[in-house]
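Using this note's numbering, you'd call the opening residue of the sequence shown number 866 and step up by one each time.
Using N, Cα and C, we set each Cβ at its ideal position, and we do this for glycine too.
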Amino acid sequence: MKTNATKLKWRIFGFLMFLLPIGALAQTPNAYLCGTGTVKLTPTFTGYAPVAGDKIIWSINGTAQTPVNYNVPADAVYNIDPGLAPGNYKYSVQVVPADANLCPSTASDDMVIEKLPAPAIAVNAPGSTYCTDQTASTVLTASRTNTTYTLPTGVSMTYAWTATKDGAAVTTITDLGTASTSGDTFTLKAGVAPAAYVFTATGSYATGGVQIVPATTCTATADKTITVTVKPGKATVTITP
């Protein structure tokens, strides 16, 4: 009996899922916005060109916004607010013709925009000063600091490492160590030459190929200064009368 009841529950669940509109299911964003990034949403109405006096009605997450009186093409464009709070937003639009003999258009499919906070990271290490024989396995770790916001599915933070040695750029970072596959850690090699090093991590969002705006400036950097000092050699003791 329990088996039959379980099967029935799954059938009911499947039927209810079938009844759900596509818009009720999770959708991959059409674009990500970062920080104060913004985009314009420009509609095209199949088989109809808006004319003066029409009403353009945008909806956000299913809530209709104040109708816009159409006079010029720019009136149909929706400019997303740069100050939009992080989160997931679904935009749709329809036109209501001024001509009472014409029907309002069907609402467009949702345009899904995911707003991400500007990235913020920190770099930490167990210490700041090491002797040349202590650098092996010393791990620098980069991490997000705005952890009150959980990144949505499909988005992760990636890191790239650079370094300077006594103020000069290190051309080949692998001479000093190795970054992990995920990039969030950098492990120093043994025998790093004595000097003052500054290790810098640059964090950026990975969005699985979906465009992010702005793409070039949606980054954060943080650094950690590591000083490697000379370790005195082993003493040789001599005996004198």
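In chain order, what residues of the same chain have a beta carbon less than 6 angstroms from the beta carbon of Lys955, not counting five sequence neighbours either side? Asn926, Asp975 and Val977
Closest to Lys1096 by CA distance: which of Ala1071, Val1057, Ile1104 and Thr1013 is it? Val1057
Where Thr903 falls: helix, strand or coil (DSSP): coil
Let me confirm a value: Ala1100 is counted as buried when at least 16 other C-beta atoms fall within 10 Å, else exposed. Which label applies? exposed
For Thr857, the nearest candidate out of Leu949, Ile986 and Val1035 (CA to CA): The structure shown does not extend to residue 857, since the chain spans only 866 to 1106, so no value can be given for it.
Uninterrupted alpha helix (DSSP H) stretches inside the segment 998-1057 (no shorter than 4 residues): none
Nearest by alpha-carbon distance to Leu898: which of Gly1098, Gln1076 and Thr1092 is it? Here the closest residue by C-alpha is Gln1076.
Is it the case that the segment 1004-1014 contacts the segment 939-946, given that we only count it when at least three CB pairs across the two stretches are under 8 angstroms? no
CA nearest to the CA of Glu979, picked from Asp998, Ala1085, Pro1079 and Ser1002: Pro1079
To the nearest angstrom, report how far apart Ala950 and Ala983 are at their CA atoms. 11 angstroms
Could you please give me the residues that DSSP links to Asp1088 through a beta bridge? Thr1065
Using the C-alpha atoms, what's the distance from Ile1091 back to Asp946? Rounded to whole angstroms, Asp946 and Ile1091 show a C-alpha spacing of 42 angstroms.
How would you label Lys905, buried or exposed, when you count the other beta carbons within 10 angstroms and need 16 or more for buried? exposed
Please report the residue range of the beta strand (DSSP E) in which Val977 lies. From DSSP, the beta strand (DSSP E) with Val977 extends over Met976 to Leu981.
Identity of the residue in Tyr1024, Thr1046 and Ser1047 nearest Phe833 by Cα: The question about residue 833 has no answer, for the chain in this structure spans 866 to 1106.
Based on DSSP bridge pairs, tell me the residues matched to Thr1094. Beta bridge pairing from DSSP links Thr1094 with Cys996.
Excluding sequence positions up to five away, which residues of its chain have a Cβ less than 6 angstroms from the Cβ of Ser924? Ser957
Buried or exposed by the 16-neighbour rule on C-beta atoms within 10 Å, applied to Ile1104: exposed
Coarse secondary structure for Ala990, derived from DSSP in three states: coil
Cutoff 6 angstroms; reference Pro996; Cβ partners in own chain excluding five residues on either side: Position check: residue 996 holds Cys in this sequence, whereas Pro was assumed. Contacts found: Thr1094 and Lys1096.
Please return the same chain residues whose Cβ sits closer than 7 angstroms to the Cβ of Gly1098, not counting the five positions on each side in sequence. none
Which term fits Val988, buried or exposed, when burial requires 16 or more other beta carbons within 10 angstroms of its beta carbon? buried
I'd like to check one pair, Ala1071 with Met1022: are the Cβ atoms closer than 9 angstroms? yes
Please determine, among Thr1084, Thr931 and Ala929, the residue with the shortest C-alpha to C-alpha distance to Leu981. Thr1084
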